[in-house]
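Colleague: Protein chains in written order, with UniProt numbering: chain A, 1 to 243; chain B, 1 to 304.
1) By Cβ distance, which residues of its chain are closer than 8 Å to residue 249(B), with the 5 residues on each side in sequence left out?
2) Closest to residue 32(B) by C-alpha separation, out of 253(B), 270(B), 217(B) and 187(B), would be which residue?
3) When DSSP builds the beta bridges, which residues end up paired with residue 94(A)?
4) Shorter than 8 Å from the beta carbon of residue 168(A) to some beta carbon of chain B?
5) For residue 239(A), name the three-state secondary structure that DSSP assigns.
6) Beta-carbon within less than 6 Å of residue 232(B)'s beta-carbon, same chain only, minus the 5 sequence neighbours each way: which residues are those?
7) Nearest chain B C-beta to residue 197(A) closer than 8 Å, yes or no?
8) Does any residue of chain B bring its CB to less than 8 Å from the CB of residue 194(A)?
9) My assumption, with CB atoms under 8 Å, is that residue 134(A) sits in contact with residue 89(A). Please give the rounded CB distance.
10) To be precise: take each residue of the stretch 115 to 142 of chain B, compare its Cβ to all Cβ atoms of chain A, and keep it if any distance is under 8 Å. Which residues remain?
11) Just the C-alpha distance for residue 171(A) and residue 173(B), rounded to the nearest angstrom, thanks.
12) Quick check on residue 188(B) - is its C-beta less than 8 Å from some C-beta in chain A?
13) Along the stretch 35 to 47 of chain A, where does the CB come closer than 9 Å to a CB of chain B? Name the residues.
14) Where does residue 182(A) fall in DSSP's three states?
15) Could you pull the start and end residues of the alpha helix (DSSP H) that residue 110(A) belongs to?
16) If the cut is a Cβ gap below 9 Å, which residues of chain B does residue 200(A) touch?
17) Does DSSP put residue 83(A) in a helix, a strand or coil?
18) When the cut-off is 8 Å and only beta carbons count, does residue 11(A) lie next to chain B?
19) Counting along the chain, where does the beta strand (DSSP E) carrying residue 229(B) start and finish?
20) Measuring only between beta-carbons, confirm whether residue 240(A) sits less than 8 Å from chain B.
21) Taking the alpha-carbon positions, what's the residue 208(A) to residue 68(B) distance?
22) Between residue 131(A) and the rest of its own chain, which residues show a CB-CB distance below 6 Å, the 5 nearest in sequence each way excluded?
23) In or out: residue 243(A) buried (at least 16 other Cβ within 10 Å) or exposed?
24) Run through the stretch 75 to 159 of chain B for me and flag every whole beta strand (DSSP E) of 3 or more residues, listed as ranges in chain order.
25) Inspect the beta-carbon positions of residue 306(B) and residue 204(B) and report whether they are closer than 8 Å.
26) Which residue marks the beginning of the beta strand (DSSP E) containing residue 239(B), and which one marks its end?
27) How would you list, in chain order, the residues of chain A whose beta-carbon sits under 8 Å from the beta-carbon of residue 39(B)?
28) Would you kindly work out how many angstroms separate the C-alpha atoms of residue 103(A) and residue 162(B), rounded to a whole number?
29) Give a yes or no on whether the minimum CB-CB distance between residue 221(A) and chain B is below 8 Å.
30) Please report whether the beta-carbon of residue 192(B) lies at a distance below 8 Å from any beta-carbon of chain A.
31) Kindly identify the DSSP beta-bridge partner or partners of residue 65(B).
32) Taking buried to mean at least 16 other C-beta atoms within 10 Å of its own C-beta, is residue 119(A) buried or exposed?
33) Could you tell me the distance, in whole angstroms, from the CA atom of residue 71(B) to the CA atom of residue 51(B)?
34) Tell me which same chain residues have a C-beta within less than 7 Å of the C-beta of residue 1(A), skipping the five on either side of it?
35) For the stretch 155 to 171 of chain B against the stretch 189 to 202 of chain B, are there 3 or more C-beta pairs whose distance is under 8 Å?
36) When you check each C-beta in the stretch 157 to 168 of chain B against every C-beta of chain A, which residues fall closer than 7 Å?
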C-alpha cells in the first residue's frame, strides 16, 4: 500500500452546500496509467486540484507520492508534474527559455538543465526550433513540449488534464507514445480525456458521476461488466444513468 | 440554389497561410461537416462566411448573396455560433435569448417552434446567469440564440469541443432534428467520430481541404486492408511493428493497433513469432474516418 503513487480514502470537497467530490476512495500504483473520466461537472477537476495540493479537502484522507495532502503540499508539488489542456507554457519565451524557466522553478542545477534540454530537444526533434518563440509552434508540438516539460524534473506522478483536446489524430498518438514511454520508466500517469479511444490506452479507469466514483476497473473489465462493445458505450450507460 | 458556395478562397495572416484554395458547396437541407484539428483553418473559414473577415482571394456566397457586397443582408439571415462561448455571462438565460431576438427585430415567441425542444431542456434554469451554466447547458443556450431569428443557414464552429461524450451525443441528436426542418448546417469539429453523423464532410488540415465526400465514400476510398492487432504489452508491440519494413503504418486505436502493410500478413506473423509477445491477437479491422484522415495527412506531409 505504501508503494502506491496515490491513495485516497473518502476524499470529499464541499463548496457551500454543494458536494463537488463525494467520498472518493481509490489507489493508483506506481508506473500505472490511470484514466480519470467523467462528464463535465462530475468533479474531476476538483479532485485533481486536491491531489496536486492546490485545494484543501473538506474531509477524507489522501496521500500522493507518500505525502499527506493536508500537511505536506509543498513536498507533493516537488514530486509531481502537471499539464493542463489550456496550454501552460509562456508563449513569448522561446522553447529553450521555457525549458530553462521550468527547470529553475523545479530547482534543477544549471548542469542538469543543460543536459535535460539537450535530451528533450532531441527526443522531440525540436533542435531547430529551440530558439523559436513557443507561440510560433503548432498546437500538437506545444502539447508534446508541455508534457516533456511537465516531466522535466523526473516526477513520480504526472497529472494530465485533457492533454489532447483539439490535437490532430497523428499528433494525438505521438503524444500517447510519450505517455507510454514515461510509464515504461516508472512514472505514474493520471490522465483525464474526452476521447474514449484514449481511455482504452489506460491500465485502469475510474468514471465519476455527480462527485462519486461509479466504476473503477481495467477497460476490458468495465466493458465486460457493462456488457458494452466500447468504452464509449460504458461511459454513456454510466453517465446517462444518473437521475 | 445552393445555400453555401465557396470558390477558391485564400487567406493568409502574415506568413501563415490559414486557408489555401478552399472550394465546396452545400446543398439545401444538408448537414455538412468541416473535420480537422485546431489550427486547420476552420474558424477562419467560418469568419469569412459570417462576413467578419475578408478573404485575400476567391468568392463565397451564402444564401445566394455575396459575402463582401451583401454582408449586411447575410448577417440578418445566418445563425452563427462561434467557437468561443460569446453570450453575456452576467445576463440570465432568458435575458440572453431576449437580447438576441431583439437585435434581430423579432421576439422569442415568434419563432419559438424552432427552439422549443432545445429551450425546454434549459428552461428550468431560465433565471440563472449564463456564466454559471455547465458546458452542456451553455452550448444549448448558444444554439437557441443562434436560432432565435429563424436563420436560413446555420454556422456552428466547434460546438462540441471540450464537451463530454454524453453532451456531445445529445447535441448531435439535436442537429439531426434541426436538419429535418430544412436548415442547411455547416458544422466543424476536431472529433473524427462525429464525421459519420454528417451528410458530407470536408477533411481539412493545415488550411487545405484533403477530401470532400460522404463519410461512407471516404472510408470506402481507404483502399487497403487494415489489421487490428494487440498483445499484452502493447507498447512493445507498437515498437516492434514500427521497426518492421513491411509495416506502412501502425497507430493505436482504442484497445487495438491499426496496422497497414505493404507485404503479406504471413510475413508479419513470421516476424513477430520469435519476439515472444504474450496474448498476441491479429484480425481484420474496418477502417474508419480517422484512419482515412491520417492516411491523407501523411500524403499531404509527403507533398510538402
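Built from N, CA and C at the ideal position, the CB exists for glycine as well.
Modeller: Reading off the structure:
1) Walking along the second chain from the start, residue 249(B) turns up at place 249. Result list for residue 249(B): 258, 259, 260, 294, 295 and 298, in chain order.
2) Within the second chain, the letter at position 32 stands for residue 32(B). When each option's Cα is compared against that of residue 32(B), the closest is 187(B).
3) Within the first chain, numbered from 1, the residue matching residue 94(A) stands at position 94. Note: residue 94(A) sits in a beta bridge opposite 133(A).
4) Numbered from its first residue, the first chain carries residue 168(A) at position 168. Under the Cβ distance rule, residue 168(A) counts among the residues neighbouring chain B, one pair being separated by less than 8 Å.
5) The residue given as residue 239(A) occupies position 239 in the first chain. Three-state DSSP puts residue 239(A) in a helix.
6) As a working mapping, residue 232(B) is identified with position 232 in the second chain. Short of 6 Å from the beta carbon of residue 232(B), and not among the five residues preceding or following it, lie these beta carbons of its own chain, in chain order: 278 and 279.
7) Stepping through the first chain from its first residue, residue 197(A) is reached at position 197. At least one chain B Cβ lies under 8 Å of residue 197(A).
8) Position 194 of the first chain, counting from 1, holds the residue named residue 194(A). Taking Cβ atoms only, chain B reaches closer than 8 Å to residue 194(A), which makes this a yes.
9) Against the first chain, residue 134(A) aligns to sequence position 134. Against the first chain, residue 89(A) aligns to sequence position 89. Yes, residue 134(A) and residue 89(A) are in contact; Cβ-Cβ is about 5 Å, under 8 Å.
10) Within the stretch 115 to 142 of chain B, the residues whose Cβ lies closer than 8 Å to some Cβ of chain A are 134, 135 and 136, listed in chain order.
11) Within the first chain, numbered from 1, the residue matching residue 171(A) stands at position 171. Within the second chain, numbered from 1, the residue matching residue 173(B) stands at position 173. Approximately 29 Å, taken between the alpha carbons.
12) Position 188 of the second chain holds residue 188(B). It does not; no Cβ of chain A falls within 8 Å.
13) Taking 9 Å as the Cβ-Cβ cut-off against chain B, the residues of the stretch 35 to 47 of chain A that qualify are 37, 38, 39, 40, 41 and 42.
14) Position 182 of the first chain, counted from the first residue, corresponds to residue 182(A). Correct three-state label for residue 182(A): helix.
15) Stepping through the first chain from its first residue, residue 110(A) is reached at position 110. For residue 110(A), the enclosing alpha helix (DSSP H) covers residues 110 to 124.
16) By one-based count along the first chain, residue 200(A) stands at place 200. For residue 200(A), the chain B residues whose C-beta falls within less than 9 Å of its own C-beta are 252, 253, 254, 255 and 256, listed in chain order.
17) Residue numbering aside, residue 83(A) sits at position 83 when the first chain is read from its first letter. Strand, per DSSP.
18) Here residue 11(A) is taken as the residue at index 11 of the first chain, counted from 1. Interface annotation, residue 11(A): not in contact with chain B, CB-CB separation never under 8 Å.
19) On the second chain, position 229 is the one that residue 229(B) refers to. Start and end: 226 to 230.
20) Within the first chain, residue 240(A) is the residue found at index 240, counting from 1. So yes, residue 240(A) belongs to the interface.
21) On the first chain, position 208 is the one that residue 208(A) refers to. On the second chain, position 68 is the one that residue 68(B) refers to. Taking the Cα positions, residue 208(A) is about 49 Å away from residue 68(B).
22) Within the first chain, the letter at position 131 stands for residue 131(A). Cβ contact annotation for residue 131(A) (same chain, cutoff 6 Å, sequence separation greater than five): 94, in chain order.
23) What you label residue 243(A) is simply residue 243 of the first chain in a count that begins at 1. Any reading at residue 243(A) needs caution, since the residue's pLDDT is 40, under 50, leaving its predicted position unreliable; the model's value is listed next. By the 10 Å Cβ count, residue 243(A) comes out exposed.
24) Counting whole runs of 3 or more residues, the stretch 75 to 159 of chain B contains the beta strand (DSSP E) stretches 78 to 81 and 153 to 156.
25) Summary: the structure shown does not reach residue 306(B), with chain B confined to residues 1 through 304, and so no result is reported for it.
26) Your numbering for residue 239(B) matches position 239 in the second chain. Unbroken run through residue 239(B) is the alpha helix (DSSP H), 234 to 242; no beta strand (DSSP E).
27) The residue labelled residue 39(B) in the question sits at position 39 within the second chain. In chain order: 138 and 139.
28) Mapped onto the first chain, residue 103(A) falls at position 103. Mapped onto the second chain, residue 162(B) falls at position 162. Those two C-alpha atoms are separated by around 30 Å.
29) The count along the first chain starts at 1 and reaches residue 221(A) at position 221. Judged by the 8 Å Cβ criterion, residue 221(A) is not in contact with chain B.
30) Locating residue 192(B) in the second chain gives position 192, counting from the first residue. It does; some Cβ of chain A falls within 8 Å.
31) Start at 1 with the first residue of the second chain, and residue 65(B) comes out as number 65. Paired residue(s): 62(B).
32) For this step, residue 119(A) is matched to residue 119 along the first chain. Residue environment for residue 119(A): exposed (fewer than 16 other C-beta atoms within 10 angstroms of its C-beta).
33) Here residue 71(B) corresponds to residue number 71 of the second chain, with the count starting at 1. Here residue 51(B) corresponds to residue number 51 of the second chain, with the count starting at 1. Approximately 6 Å, taken between the alpha carbons.
34) In the first chain, the residue the question calls residue 1(A) occupies position 1. Here residue 1(A) scores only 44 on pLDDT, less than 50, and its place in the model is too uncertain to base an answer on.
35) Here the stretch 155 to 171 of chain B makes contact with the stretch 189 to 202 of chain B; the two share three or more CB pairs at distances below 8 Å.
36) Against chain A - using a Cβ distance shorter than 7 Å - the residues of the stretch 157 to 168 of chain B are 161, 162, 163, 164, 165, 166 and 167.
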